[in-house]
């Protein structure tokens, strides 16, 4: 394991007051991702799941890094098209190059609302953003779109009369088919105005190569569905999918300075990205 991601004991971590709803013995999707990105807001149960995933995925830490990098490229693209307000659904714990940092580096007045159902995200996010009047964090379940879209804190920043950048980054694969993720995306799509963008990243089914990884997600975290490229493209129904379509993260509009390995590594093929515009 890369030493940057070598776990330290909970007793070595600085004391911090946790929300009452946080059960540190139960792994959390947000905290597992936090560990894989090199963060410190995770616990032994989260690190145990991450360790299993890293054993199954060569260069597994790259999965999170590729996904973080493609988020930045997607936000920069939308900002270049004039988008100055973003809703980041299932945002996870704050880490490097968050959506607001990328957006506001292009436009300091850009508005960003983070949405997550993990109470730790609210605590850490609000502490990080205490002096940022253009960004907020709300605790809500993305599977309850009316609750999200009608939230007064979201409405205070987001003007639905103007185009919005809607991000669903590494979140839809945590919904089972019986939760109808396609209908959920359609509900958000219908709520945003013409000219808005929808950016999605999602686990990609690699057959036998990813079957055991999916099993660990479903068994230890309770969610983590790997879907085909066609299934992920289906989430963009009613939208104009932009080039290069839905492709592995490293292949989605790489920056001129990016070195894209050929062939794509196994870690690079775990998640794919796509961006579409609402006509």
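In my numbering, the protein residues as written are 42 to 320. The beta carbon of each residue, even a glycine, is placed where N, CA and C say it ideally should be.
With fewer than 16 other Cβ atoms inside 10 Å of its own Cβ, residue 150 counts as exposed. Scanning 227, 126, 293 for the CA closest to the CA of residue 183 turns up 227.
In the three-state scheme derived from DSSP, where H, G and I count as helix and E and B as strand, residue 126 is classed as strand.
Excluding the 5 residues flanking it on each side, residue 320 has same chain C-beta neighbours closer than 8 Å at 235, 280, 281, in chain order. Distances from the CA of residue 111 to each of 300, 295, 317 were compared; the closest alpha carbon is that of 295.
Put simply, of 163, 201, 283, 265 the residue whose alpha carbon is nearest the alpha carbon of residue 311 is 265.
Relative to the Cα of residue 81, the nearest Cα in the group 134, 119, 105 belongs to 134.
In this structure, the alpha-carbon of residue 199 lies about 14 Å from that of residue 208.
Cβ contact annotation for residue 186 (same chain, cutoff 8 Å, sequence separation greater than five): 225, 228, 229, 232, in chain order. The residue from 71, 277, 204, 109 with its alpha-carbon nearest to that of residue 157 is 71. A distance below 9 Å separates the beta carbons of residue 210 and residue 241. Per DSSP, the unbroken alpha helix (DSSP H) holding residue 254 starts and ends at 249 to 257. The C-alpha of residue 220 lies about 13 Å from the C-alpha of residue 276. With respect to the 9 Å criterion, residue 141 and residue 170 are classified as neighbours on the basis of their beta carbons. Under DSSP, residue 243 forms a beta bridge with 313.
Collapsing the DSSP output to three states places residue 114 in a helix.
The beta carbons of residue 77 and residue 102 sit closer together than 9 Å. Nearest C-alpha to residue 165 among 87, 178, 174: 178. Taken through DSSP and simplified to helix, strand or coil, residue 210 comes out as strand. Judged by DSSP in its simplified three-state form, residue 203 adopts coil rather than helix or strand. A check of alpha carbon separations from residue 267 across 74, 261, 214 identifies 214 as the nearest. Per the C-alpha coordinates, the member of 121, 196, 250, 89 positioned closest to residue 128 is 196. In this structure, the beta-carbon distance from residue 288 to residue 243 does not fall below 9 Å. In the structure shown, the three-state DSSP call for residue 93 is helix. With 16 or more other Cβ atoms from the protein chains shown falling within 10 Å of its own Cβ, residue 139 counts as buried. When beta bridges are read from the DSSP output, residue 238 appears opposite 206, 318. For the pair residue 99 and residue 191, the Cα-to-Cα distance works out to about 42 Å. Rounded to the nearest whole angstrom, the CA to CA distance from residue 123 to residue 97 is 41 Å. Here residue 218 carries a helix assignment [DSSP, helix/strand/coil].
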